[in-house]
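A quick write-up on the structure given underneath.
In UniProt numbering, the protein residues as written are 1 to 456.
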């Protein structure tokens with residue numbers, strides 16, 4: 001006698017988190033890989049079989065987490081740090097709009113079918129039950145529609161979904177509440193769809209049609225949001241513009257942050273951290289190599305002052321900077337774990353990397369932000385809009401701009417208050433636990449769908 005259908009369903013639900021297989025898949029760039037490492041380790045720790053597909057550049061990082069790594073085979077290894085080498089023709093595009101369209105087409109859209117070919121190959125030996133990807137990973141629609149496997153997308157940058165309440169994503173424009181401002185936003189959305197991003201959208205439409213994927217004339221940002229089973233947005237509602245038409249498949253999960261060992265053998269420390277009343281932390285991340293953009297103006301503004309300046313260079317010209325700035329109030333390192341230095345800092349100066357900004361907010365640090373490209377203008381715009389700090393609206397601030405804005409941040413408690421309020425909101429969310437709950441539910445639902453029988 002066949003077992004009762006409901007008994008089978010109950011067993012499927014109970015086994016949803018027992019050794020099920022999860023494939024992480026990410027665009028090969030630090031800002032896409034690093035935020036997911038903490039989640040991957042957490043899911044592995046609670047019993048999931050976790051493996052990761054991305055460029056070989058990240059093989060060592062991933063294997064150090066004791067997570068098996070699948071490299072690119074078919075996919076072109078185009079990364080954030082080798083764009084000019086892989087795409088030399090990119091240099092001929094001079095305007096920002098032309099460069100953005102080129103990058104969307106070549107770095108994202110055209111890689112989607114290659115990612116999909118690799119993932120099908122992976123599935124033969126690792127038949128995963130669910131995929132977790134960063135929100136820019138363009139094989140999401142293929143896995144969800146063609147393989148019928150649920151996909152959780154992690155929003156590793158501010159929410160990109162188009163809204164009738166907001167200007168188009170990507171321009172770094174803050175929302176308006178006036179009638180004239182709303183009309184302007186509507187016009188900008190039309191311009192973005194029909195002019196600014198028209199070229200990349202045309203390529204996306206052709207690719208979707210060629211591969212028999214459902215498509216409704218969306219731009220790449222909306223397409224990836226709508227095609228994922230669930231988008232878990234890194235951050236909370238307090239760091240996102242209000243919208244009345246947010247997609248039902250979007251949930252806030254709190255900050256997704258890089259894995260950090262709970263016990264460190266040798267935490268970073270410098271005795272000068274306890275000798276200065278004001279400590280500022282400055283970084284340009286690992287991708288931006290031109291230290292003259294943000295680091296040098298900050299050092300020029302505060303050398304030989306009573307403010308301690310802690311700089312992380314990401315490995316760019318560290319020795320040269322140390323020689324030029326040997327001042328006692330300046331610390332320059334290739335890399336410092338933020339968890340070691342942020343508790344001592346009073347302000348965070350950044351070009352707007354999303355992970356660093358979220359971590360700074362979590363540590364209650366007001367911000368000075370100076371970034372435009374790679375979507376950083378959207379992050380910096382939110383910093384200014386929510387008065388968490390100052391958005392300089394440039395990638396090359398002057399020494400005077402840096403000094404004036406940092407002094408303002410250190411002396412105006414309004415910024416600190418707003419950051420503390422948002423940090424308290426962050427503390428109400430546990431991103432890893434929230435994601436684990438959705439993982440379990442989606443795997444269970446997918447398993448139940450296979451068992452589903454008509455009831456008469």
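Built from N, CA and C at the ideal position, the CB exists for glycine as well.
Starting from residue i, trace the alpha helix (DSSP H) in both directions and tell me its first and last residue.
{"i": "residue 186", "result": "179 to 191"}
{"i": "residue 209", "result": "198 to 210"}
{"i": "residue 40", "result": "30 to 45"}
{"i": "residue 299", "result": "295 to 302"}
{"i": "residue 405", "result": "399 to 411"}
{"i": "residue 312", "result": "First-last for residue 312: 307 to 312, but that is the beta strand (DSSP E), not the alpha helix (DSSP H)."}
{"i": "residue 333", "result": "From DSSP, residue 333 is part of no alpha helix (DSSP H) but of the beta strand (DSSP E) over 330 to 333."}
{"i": "residue 324", "result": "318 to 324"}
Among the options, which has the Cα closest to the Cα of residue i?
{"i": "residue 460", "options": "412, 277, 208", "result": "Outside the shown range of the chain, which is 1 to 456, sits residue 460, and nothing can be said about it."}
{"i": "residue 44", "options": "68, 53, 29", "result": "68"}
{"i": "residue 374", "options": "24, 31, 384", "result": "31"}
{"i": "residue 26", "options": "49, 54, 113", "result": "54"}
{"i": "residue 75", "options": "361, 115, 283, 257", "result": "115"}
{"i": "residue 240", "options": "95, 360, 383", "result": "383"}
{"i": "residue 338", "options": "70, 258, 415", "result": "258"}
{"i": "residue 348", "options": "410, 198, 327", "result": "410"}
{"i": "residue 29", "options": "57, 253, 39", "result": "57"}
{"i": "residue 66", "options": "100, 332, 366, 40", "result": "40"}
{"i": "residue 314", "options": "353, 197, 441, 101", "result": "353"}
{"i": "residue 172", "options": "432, 423, 394", "result": "394"}
{"i": "residue 211", "options": "147, 424, 123", "result": "147"}
{"i": "residue 169", "options": "179, 189, 391", "result": "189"}
{"i": "residue 327", "options": "423, 371, 272", "result": "272"}
{"i": "residue 316", "options": "332, 198, 289", "result": "289"}
{"i": "residue 448", "options": "129, 93, 426", "result": "129"}
{"i": "residue 131", "options": "192, 439, 324", "result": "439"}
{"i": "residue 60", "options": "99, 46, 33, 280", "result": "33"}
{"i": "residue 77", "options": "112, 262, 92, 372", "result": "112"}
{"i": "residue 124", "options": "442, 336, 21", "result": "21"}
Could you pull the start and end residues of the beta strand (DSSP E) that residue i belongs to?
{"i": "residue 291", "result": "Here residue 291 belongs to no beta strand (DSSP E), and DSSP marks it neither H nor E."}
{"i": "residue 225", "result": "Taken as a continuous stretch (DSSP letters only), residue 225 belongs to no beta strand (DSSP E), being part of the alpha helix (DSSP H) at 220 to 227."}
{"i": "residue 233", "result": "230 to 234"}
{"i": "residue 391", "result": "389 to 391"}
{"i": "residue 278", "result": "278 to 283"}
{"i": "residue 251", "result": "250 to 254"}
{"i": "residue 151", "result": "151 to 155"}
{"i": "residue 25", "result": "21 to 25"}
Do residue i and residue j have their CB atoms nearer than 8 Å?
{"i": "residue 167", "j": "residue 185", "result": "yes"}
{"i": "residue 51", "j": "residue 142", "result": "no"}
{"i": "residue 321", "j": "residue 291", "result": "yes"}
{"i": "residue 150", "j": "residue 297", "result": "no"}
{"i": "residue 163", "j": "residue 245", "result": "yes"}
{"i": "residue 139", "j": "residue 153", "result": "no"}
{"i": "residue 388", "j": "residue 361", "result": "yes"}
{"i": "residue 234", "j": "residue 366", "result": "no"}
{"i": "residue 228", "j": "residue 319", "result": "no"}
{"i": "residue 236", "j": "residue 247", "result": "no"}
{"i": "residue 392", "j": "residue 369", "result": "yes"}
{"i": "residue 231", "j": "residue 219", "result": "no"}
{"i": "residue 418", "j": "residue 386", "result": "yes"}
{"i": "residue 359", "j": "residue 238", "result": "no"}
Hey, would you say the C-beta of residue i is under 7 Å away from at least one heavy atom of the ligand SAH?
{"i": "residue 376", "result": "No copy of the ligand SAH appears in this structure; indeed no ligand is present at all."}
For chain B, is any of its Cβ atoms less than 8 Å away from the one on residue i?
{"i": "residue 286", "result": "This model lacks chain B altogether; it includes just one protein chain."}
Return the chain-ordered ranges of every beta strand (DSSP E) run that is complete within the region 50 to 132 and spans a minimum of 3 residues.
-> none
Go through the region 338 to 383 residue by residue and report every complete run of the beta strand (DSSP E) that reaches 3 residues or more, in order.
-> 347 to 350, 367 to 369
Inter-stretch contact at 8 Å, needing at least 3 Cβ pairs: the region 98 to 107 / the region 73 to 87 = yes
Can at least three beta-carbon pairs, one atom from the region 205 to 223 and one from the region 339 to 348, be found at a separation below 8 Å?
-> no
Do the region 409 to 423 and the region 201 to 208 make contact, defined as three or more Cβ pairs closer than 8 Å?
-> no
Tell me the start and end of each unbroken alpha helix (DSSP H) in the region 425 to 452 that is at least 4 residues and wholly inside, in chain order.
-> 431 to 451
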